[in-house]
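For the sequence shown, my numbering begins at 3 and goes up steadily by one.
These notes are about the structure you will find just below.
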Amino acid sequence: MSYTPQFARRMGGVNPSTIREILKVTSLPDVISFAGGLPAPELFPVDEIAESCRRVLSEAGTQALQYGTTEGFQPLREWVAAEMGRRGVASCDGDQTLVTTGSQQAIDLVGRVLLEPGDVILMENPTYLAAIQAFRGYEARFIAVPTDEDGIVPDALPELVERHRPKFLYTVPTFQNPTGITLTEARRRRLYELALELDLLVFEDDPYGALRYRGEPIPLLKSYDTEGLVIYTSTFSKIVAPGVRLGWVTASPEILAKLIVAKQAVDVHTSGFDQRVVHDYLMTGNPDSHVDRIRAAYGERYGVMHETLSETFPDGFHWTQPDGGMFLWVTCPERMDTAVLLQSAISHKVAFVPGYDFFPGKQERHFMRLNFSNSPPDKIREGIKRLAELCQEHLGT
Ligand SMILES: Cc1ncc(COP(=O)(O)O)c(C=O)c1O
């Protein structure tokens, strides 16, 4: 008889995500994949990072390989504070930041320090799948906030707060994953106003804000925050590379202190070597022009995807038209089940993510998320044409 593990109850609601399962298939070389959330690898600053590795090892090798503080490498924390200033948050200094192992860890840490089993989180509908999973690990319950093409509808909040007494609102207000939607400036102001009125903690997750390829930047929710009401996380994954696993979080001193204690128990600190390498790269590698190249490439890829969708997709399909980020979101005719479509798509060597897993509440089945950052324009054209034919066939059956 083999051993049967007795897992914690909180693991009951946590399953491997559909995306992870799909990615196993899509890593095959001849599949055109719009499924993952991967940045364009040909734009990774490989030579600059190699140079930074060499410099860190020769100039500070022993410090880089020693244990460090949980809060993070201080010069990187200072860079983050300056970056928060560039993003419109005037009052941030290095000590108000915590370097994390990707923003995914910040999400988990926020869940760890704030959530009791059964606590309610308000979320966009749909929202980032791995946040649902992380918070599910703390036995949270989710309430979807009405969401349209301008993001969350703030005026829906008072009633939801009154009825559900949520612990916080989790939001990806800029170039959201999975929809690409951006919360308008007017709604941001209203949302913050209401959060103040309702004493509602807001968790702003901003991995994509720097990847704007058209239009003007919109203030962060964090930029309105005078009361310590907004926890903000962002990441180096999309502006440098995801493999370095570096992100950051900034919050009120009370919340930050708890996040630091929690992180201490999780991994002591984020790799000090990686932090020094990325800091060296930021100081020497011309990161701004690198981000400009990423934005230009994603803008072109988005344009090709949008154009090919317009030319080839049958009537009855609609998609978002984001100004930045890595995804767009397709609404199919309601009778279509995109999980079924995916099976034939994979056999025709094209992949996407069906939308249902992204819904914190009722799982709608006629949506798909398409990633445009990870395929060159010719592959995008070819893949979208294949998908269009399959959609046509599915509608005919
Ligand atoms: C909305 C959102 N938040 C957080 C993350 C986590 O990114 P990372 O841990 O690489 O910083 C992602 C990654 O795709 C994301 O889409």
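Where a beta carbon is used, it is the ideal one built from N, C-alpha and C, also for glycine.
Here the structure is a predicted model, which means the values were calculated and not measured.
Residue i CB to nearest heavy atom of ligand 1 below 7 Å
i      : result
Ile241 : no
Gly104 : yes
Ile109 : yes
Asn179 : yes
Gly2   : Residue 2 is absent from the model: the chain starts at 3 and stops at 399.
Pro209 : yes
Val204 : no
Tyr283 : no
Pro244 : yes
Val174 : yes
Thr149 : no
Tyr130 : yes
Thr1   : Nothing in the structure corresponds to residue 1, since the chain is present only between 3 and 399.
Gly39  : yes
Thr228 : no
Thr322 : no
Gly249 : yes
Thr237 : yes
Residue i: first and last residue of the uninterrupted alpha helix (DSSP H) it sits in
i      : result
Thr6   : Here Thr6 belongs to no alpha helix (DSSP H), and DSSP marks it neither H nor E.
Val306 : Pro289 to Thr314
Val332 : That residue, Val332, is in no alpha helix (DSSP H); its beta strand (DSSP E) goes Phe329 to Thr333.
Gly249 : Taken as a continuous stretch (DSSP letters only), Gly249 belongs to no alpha helix (DSSP H), being part of the beta strand (DSSP E) at Gly249 to Thr252.
Thr340 : Thr340 to Ser349
Val280 : Gly274 to Thr286
Ile241 : That residue, Ile241, is in no alpha helix (DSSP H); it is neither H nor E in DSSP.
Leu258 : Pro255 to Asp269
Leu131 : Leu131 to Arg138
Closest residue to residue i among the options (Cα-Cα distance)
i      : options                           : result
Val280 : Ala243, Leu213, Val293 and Arg297 : Ala243
Pro221 : Thr6, Arg143, Lys364 and Arg88    : Arg88
Tyr215 : Ile24, Met3 and Glu302            : Glu302
Gln345 : Glu336, Arg337 and Pro356         : Pro356
Glu126 : Glu395, Lys364, Glu218 and Asn288 : Lys364
Trp250 : Thr286, Pro289 and Asp207         : Asp207
Glu256 : Leu116, Val82 and Ile51           : Leu116
Cys393 : Val27, Ser377, Val342 and Asp380  : Val342
Val101 : Gly217, Pro7, Leu196 and Leu248   : Leu248
Glu229 : Tyr194, Thr237, Ser236 and Leu397 : Tyr194
Ser291 : Met3, Asp157, Glu50 and Phe315    : Glu50
Glu288 : Glu53, Ile34 and Asp227           : Here the sequence assigns Asn to residue 288, which means Glu is not the residue at that position. Selected option, being the one with the closest Cα: Glu53.
Gly74  : Leu258, Met328, Glu309 and His350 : Leu258
Leu124 : Glu118, Ala142, Phe9 and Phe369   : Ala142
Range covered by the beta strand (DSSP E) that runs through residue i
i      : result
Thr102 : Thr99 to Thr102
Arg143 : Arg143 to Ala146
Leu124 : Val122 to Met125
Glu206 : Val204 to Asp207
Distance CB(residue i)-CB(residue j) smaller than 8 Å
i      : j      : result
Ile154 : Arg189 : yes
Arg210 : Lys240 : One detail in the question is off: residue 210 reads as Tyr in this sequence, not Arg. Their beta carbons are under 8 Å apart, which means Tyr210 touches Lys240 by this criterion.
Tyr84  : Arg278 : The amino acid at residue 84 is misidentified as Tyr; the sequence shows Ala. No, these two residues do not count as a Cβ contact at 8 Å.
Asp121 : Lys169 : yes
Asp339 : Arg367 : yes
Ala299 : Ala42  : yes
Phe137 : Leu372 : no
Leu131 : Asp380 : no
His166 : Ile145 : yes
Val263 : Tyr69  : no
Gly104 : Gln76  : no
Arg12  : Tyr172 : no
Gly182 : Pro324 : yes
Asp152 : Leu185 : yes
Thr99  : Val82  : yes
is_contact[residue i, chain C] using C-beta, thresh 8 Å
i     : result
Tyr69 : Note that chain C does not occur in the displayed structure, where there is just one protein chain.
(message) As an exercise, report each continuous beta strand (DSSP E) stretch of at least 3 residues that is fully enclosed by the stretch 163-200, in chain order.
(response) As far as the stretch 163-200 is concerned, its whole beta strand (DSSP E) runs of at least 3 residues are 170-173.
(request) Identify every run of the beta strand (DSSP E) within the stretch 38-102, keeping only runs that are complete inside it and at least 3 residues long; order them along the chain. (result) Counting only runs of 3 or more, we get 99-102.
(message) Suppose only complete runs of 3+ residues qualify. What are the beta strand (DSSP E) ranges in the stretch 366-391, listed by chain order?
(response) DSSP runs (the beta strand (DSSP E)) wholly in the stretch 366-391: 369-373.
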